[in-house]
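Enquirer: Structure below; questions to follow.
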Amino acid sequence: MLPDAVAWIVHPLAGLALALWGSVIFSRRGRHAAEVGRAAAILVLLAVLGAGWAVHPAAGMLLGYLGSRGFHRWQRDWRALLVGVLAGLVFLGLGATWLVFPLVVMGIVWLTTAGFTAGSGRRPQAVAAPTSPPPLPEQAGGFPVGSFGNWAGPAGAYAERREARRQARRARKLSKRQREAADLAPLPPPPAPAPALPPAASTLAAYVRDDRLPGEARAQLAALDLRTREALTHLEALGQQGSEAAYLARAVREEYAPGAVRAYLKLPPTLASTQPLEGGKTGRDLLREQLDLLLNAVQDILGTALRSGGQDLLTHQRFLEEKFRKPRGDLEV
1 MLPDAVAWIV HPLAGLALAL WGSVIFSRRG RHAAEVGRAA AILVLLAVLG
51 AGWAVHPAAG MLLGYLGSRG FHRWQRDWRA LLVGVLAGLV FLGLGATWLV
101 FPLVVMGIVW LTTAGFTAGS GRRPQAVAAP TSPPPLPEQA GGFPVGSFGN
151 WAGPAGAYAE RREARRQARR ARKLSKRQRE AADLAPLPPP PAPAPALPPA
201 ASTLAAYVRD DRLPGEARAQ LAALDLRTRE ALTHLEALGQ QGSEAAYLAR
251 AVREEYAPGA VRAYLKLPPT LASTQPLEGG KTGRDLLREQ LDLLLNAVQD
301 ILGTALRSGG QDLLTHQRFL EEKFRKPRGD LEV
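Here you go:
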């Protein structure tokens, strides 16, 4: 036994020894008697030094080891299995007395199954060696026919490679001729352009034909449709389709005016022109005022476009006056 000061160290060592014991018997190392005996000897030593508890889990793992290897091809691992049985007897003597009953039961089962059937199997009969074919007779005045067999393989392989190279050259020539023919062939005519689609009718144009709107409102919408289209066309011609004026014209055409009309159409038709909504103004009056505001805004956009486009005309006018206008005295004879 170890002194009390270091006696505790056998317990963690016993845990490591149990891990080693499991890794040996449940792996391929469990087929080797030396490996099994070495792992079992380490456990026995630690149990003698004070870790007697380790023999119980070791005995349990030993039962699993014997059950997994003792009934299936035990002839191959019989030495390792014998070492395992001896280790079980030592564990039994060190305190794992409960191991005697499962060992006896496993021994009885083994004797009734694997033990009695070990010698009953027939040995496989030796497979007769294939008889070699009789040698061919030698030709008169020459070598045996079989002596040329060593040259048949390389000659055949060489012929196959030569034929493969010939076919590859033929395929390359054919591909080259096809490419040359494709280059000389006239190009197909370009496809005809698709017919231009007519411009889709705007929302304002649809509202102009809506009988639910008052006559003056439809006239204002027709003017808005015409002026916004004119402003956008003119700004696009000036290269200002991304300007703030163009954005405002599109908003009036696609959002502000249709929004006012939709709000008016939500009113009851019988009350839209008679029932005041705010400040004595009916829905019809409010729609007319909103469309007037939008018409004035579009008129300002057209004025801005006119000044922007007229600036170039004025500049050209001043250039021509400076270049060709002569003093009045030069014109007199």
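Numbered as in full-length UniProt numbering, the sequence shown ends at 333 without a single skipped number.
We put the beta carbon where it would ideally sit given N, CA and C, even for glycine.
Suppose contacts are defined by Cβ-Cβ distances below 8 Å. Is L63 in contact with A14 by that definition?
Expert: Not in contact: L63 and A14 (Cβ atoms no closer than 8 Å).
Enquirer: Three or more C-beta pairs closer than 8 Å, one from the segment 267–276 and one from the segment 227–235: is that the case here?
Expert: These segments do not touch.
Enquirer: If I follow the unbroken alpha helix (DSSP H) through E216, where does it start and stop?
Expert: Its alpha helix (DSSP H) spans residues G215 to A237.
Enquirer: Verify whether the separation of the beta carbon atoms of V298 and A237 is less than 8 Å.
Expert: No. Outside cutoff.
Enquirer: Over what stretch of residues does the alpha helix (DSSP H) that includes L265 continue unbroken?
Expert: Counting along the chain, the alpha helix (DSSP H) containing L265 begins and ends at A257 to L265.
Enquirer: Identify which residue in E278, G283 and R227 has its Cα closest to the Cα of P212.
Expert: One detail in the question is off: residue 212 reads as Arg in this sequence, not Pro. Measuring from the Cα of R212, the nearest candidate turns out to be G283.
Enquirer: What separation, rounded to the nearest whole angstrom, lies between the Cα atoms of G106 and H11?
Expert: Per the sequence shown, residue 106 should be read as Met rather than Gly. Going from the Cα of M106 to the Cα of H11 covers about 31 Å.
Enquirer: Can you tell me where the alpha helix (DSSP H) with P268 in it begins and where it stops?
Expert: First-last for P268: undefined, no H or E at that position.
Enquirer: Can you tell me which of the three DSSP states L94 falls into?
Expert: It is coil, neither helix nor strand.
Enquirer: Between the alpha carbons of L287 and A217, how many angstroms are there, rounded?
Expert: Going by the C-alpha atoms only, they are around 7 Å apart.
Enquirer: Please classify T274: does DSSP put it in a helix, a strand, or coil?
Expert: Three-state result, T274: coil.
Enquirer: Do Q220 and L291 have their CB atoms nearer than 8 Å?
Expert: Yes.
Enquirer: Give me the DSSP bridge partner(s) of K281.
Expert: According to DSSP, which records beta bridges pairwise, K281 is partnered with E278.
Enquirer: Count the other CB atoms, across all protein chains shown, that sit within 10 Å of the CB of F71; report buried if there are 16 or more and exposed otherwise.
Expert: Exposed is the call here.
Enquirer: Does DSSP classify S68 as helix, strand or coil?
Expert: Of the three classes helix, strand and coil, the one that applies to S68 here is helix, per DSSP.
Enquirer: Over what stretch of residues does the alpha helix (DSSP H) that includes S23 continue unbroken?
Expert: Note, S23: alpha helix (DSSP H), V10 to I25.
Enquirer: Is the beta carbon of V208 sitting closer than 8 Å to the one on D225?
Expert: Their beta carbons are under 8 Å apart, which means V208 touches D225 by this criterion.
Enquirer: Give every residue of the same chain whose Cβ lies closer than 7 Å to the Cβ of G88, excluding the five residues on either side of it in the sequence, and list them in chain order.
Expert: Excluding positions up to five away in sequence, the list reads A59, L62, L99 and L103.
Enquirer: May I have the straight-line CA-CA distance separating R170 from R28, to the nearest angstrom?
Expert: Each residue's alpha carbon lies about 60 Å from the other.
Enquirer: Report the option in L306, T304, S308 and V261 whose CA atom is closest to the CA atom of E289.
Expert: Selected option, being the one with the closest Cα: V261.
Enquirer: Let me check understanding here. Comparing Cα to Cα, which of L314, R162, L293 and A17 lies closest to P57?
Expert: Out of L314, R162, L293 and A17, A17 has the C-alpha closest to the C-alpha of P57.
Enquirer: Just mark P108 as buried or exposed, buried being the case when its beta carbon has 16 or more other beta carbons within 10 Å.
Expert: Note on residue identity: the sequence assigns Ile, not Pro, to residue 108. Exposed, since its Cβ has fewer than 16 Cβ neighbours within 10 Å.
Enquirer: Hey, could you find the ends of the alpha helix (DSSP H) V252 is sitting in?
Expert: It is not in any alpha helix (DSSP H) - V252 carries neither H nor E in the DSSP assignment.
Enquirer: In the DSSP assignment, find the alpha helix (DSSP H) that holds G50 and state where it starts and stops.
Expert: Segment: none, G50 is in no alpha helix (DSSP H) and carries neither H nor E.
Enquirer: Roughly how many angstroms separate the alpha carbons of A246 and D210, rounded to a whole number?
Expert: Spanning the two alpha carbons is a distance of roughly 27 Å.
Enquirer: In the DSSP assignment, find the alpha helix (DSSP H) that holds L112 and state where it starts and stops.
Expert: Checking the displayed sequence, the identity of residue 112 turns out to be Thr instead of Leu. Taken as a continuous stretch (DSSP letters only), T112 belongs to no alpha helix (DSSP H), as it is neither H nor E.
Enquirer: Three-state secondary structure (DSSP) at A206?
Expert: A206 falls in the helix class under three-state DSSP.
Enquirer: Confirm, please, whether the CB-CB distance from Y256 to L204 is below 8 Å.
Expert: No, these two residues do not count as a Cβ contact at 8 Å.
Enquirer: Which residue from S243, W110 and I9 puts its Cα closest to that of G50?
Expert: Ranking the options by Cα distance to G50, first place goes to I9.
Enquirer: Taking all protein chains shown into account, do 16 or more other C-beta atoms lie within 10 angstroms of the C-beta of E163, making it buried, or fewer, making it exposed?
Expert: So E163 ends up on the exposed side.
Enquirer: Please look up how many angstroms separate the CB atoms of A7 and V24, rounded, as I've assumed it's under 8 Å.
Expert: Wrong, their Cβ atoms sit about 26 Å apart, outside the cutoff.
Enquirer: Pull up the distance between the alpha-carbon of G242 and that of P269, whole angstroms please.
Expert: Cα to Cα, G242 sits roughly 40 Å from P269.
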